[in-house]
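The structure appears below as structure tokens.
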Amino acid sequence: MEHIDKRGYLNTDYLLFHINDRNKDEHSFHYHEFDKIVVLLSGKASYIIEGREYFLEPGDVLFVNHHDIHKPVIDPDEPYNRIVLWINRDFLTTRSTDDCDLSLCFMLSADAKCLFRPDDADRERCLKLLLELEEECSEQRYGSKEASDAALIRYLISLDRAMTASDVRSEIPFRCDRKIADILEYINSNLQADLSCDTIATKFYLSRSYLMHRFRSETGYTLHNYVLQKRLFYSRKLLEEGFSINEAALSSGFADYTTYLRAFKKVFNCLPSDFNDK
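Take 11 as the starting number for the sequence shown in the numbering used here and just add one per residue.
Have a look at this one:
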């Protein structure tokens, strides 16, 4: 099985990185177990996320949900100045209330295709809060963790307010192959279905060879591996929600239990029973 890399390990609630460099390395597709926010301060970059390429401008806020398969494309001729936030989903869940869901910005961005371009006032307001968070994260003073937590929560609420008050669906430039985008959407909405290459090629009126070539060209990974990875992610989510191993396997499209166990262990380096022993 071809492997899609998992990058980064987050053993705390969140991490902030302020990076200004010239990056000449070509990045490969990967995913994270945590949510990520990228704020471009200067430079020229795009991000390919789930088959769509987004072209960033300074001040843009890019959201990468956990398990989204993505990679940056960076112009090496310009300094790439950005602030990156890694956020543990458990932090968002435990700090949310019935009246304030801190993960709202990630849900809105998923619906609006990942990129938010705030107006000048919102950009200035959000960036001010983000820089306050950076300052708190870099200090080791009395109450630094509590102050950092508060700063992050204020920043996320500011993003939520800006996004709900504006048209996040407004025209944001991105490039994609429309047919491949439709196929990706179909796969993610129908993980229990027959998602073999032949079946999808027939459904979308493509030849099998063209589909395989085009899918890899646009996404960087094979159709089979993409389907397998998404099924495994979904099955693990079900296990964490309390579903039995058998229910999680069947609901995510695995007809063969042995195949499921083998693939699960290869990707996550553990067994489904480590999440749920039902």
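Think of the CB as a built atom: it goes at the ideal place given N, C-alpha and C, for glycine as much as any other residue.
Cα separation between residue i and residue j?
i, j, result
"L281", "K275", "5 Å"
"P86", "L50", "15 Å"
"D204", "L140", "45 Å"
"I167", "F116", "12 Å"
"D34", "H40", "According to the sequence as given, residue 34 is Lys; it is not Asp. Going from the Cα of K34 to the Cα of H40 covers about 18 Å."
"I210", "I193", "8 Å"
"N75", "K155", "24 Å"
"G53", "F278", "35 Å"
"D208", "T22", "43 Å"
"Y270", "Y236", "15 Å"
"D266", "I182", "42 Å"
"A5", "E228", "No answer is possible for residue 5: the residues shown for the chain start at 11 and end at 288."
"Q202", "D100", "27 Å"
If you reduce the DSSP assignment to three classes, tell me which class residue i lands in.
i, result
"T269", "helix"
"F101", "helix"
"T229", "helix"
"N279", "coil"
"L26", "strand"
"R127", "coil"
"C299", "Any answer about residue 299 is impossible in this case: the structure gives the chain only from 11 up to 288."
"I182", "coil"
"L205", "coil"
"L248", "helix"
"L221", "helix"
"L242", "helix"
"N91", "strand"
Quick one: measure Cβ to Cβ for residue i and residue j, integer angstroms, because I've assumed they're closer than 8 Å.
i, j, result
"E142", "I93", "Not a contact, Cβ separation roughly 12 Å."
"R246", "F264", "Their Cβ separation, rounded to whole angstroms, is 12 Å, which puts R246 and F264 out of contact at 8 Å."
"Y196", "C124", "At roughly 19 Å, the Cβ-Cβ gap does not stay under 8 Å, so Y196 and C124 are not in contact."
"I47", "L95", "4 Å"
"F243", "H42", "Not quite, the Cβ-Cβ distance comes to about 12 Å (not below 8 Å), so this is no contact."
"L249", "F285", "4 Å"
"Y231", "I84", "Going by Cβ atoms, the distance from Y231 to I84 rounds to 20 Å, so no, they are not a contact pair."
"E67", "R127", "7 Å"
"P89", "R32", "6 Å"
"F184", "R62", "5 Å"
"G69", "R133", "5 Å"
Does residue i pass the burial test, meaning 16 or more other C-beta atoms within 10 Å, or should it be called exposed?
i, result
"E251", "exposed"
"I29", "exposed"
"Y152", "exposed"
"Y220", "exposed"
"M11", "Low local confidence applies: a pLDDT of 46 at M11 is under 50, so the model's placement there is unreliable, and no value is given."
"D170", "buried"
"D45", "buried"
"C110", "exposed"
"E146", "buried"
"A161", "buried"
"D130", "exposed"
"A175", "exposed"
"S148", "exposed"
Using a threshold of 6 Å, is the CB atom of residue i nearer than that to any non-hydrogen atom of the ligand SAH?
i, result
"D130", "With respect to small molecules bound, the structure shown includes none, and the ligand SAH cannot be examined in it."
Exercise. Within the region 32-89, note down every full beta strand (DSSP E) run reaching 3 residues or more, in order along the chain.
Key: 45-52, 55-59, 62-65, 71-74, 80-84
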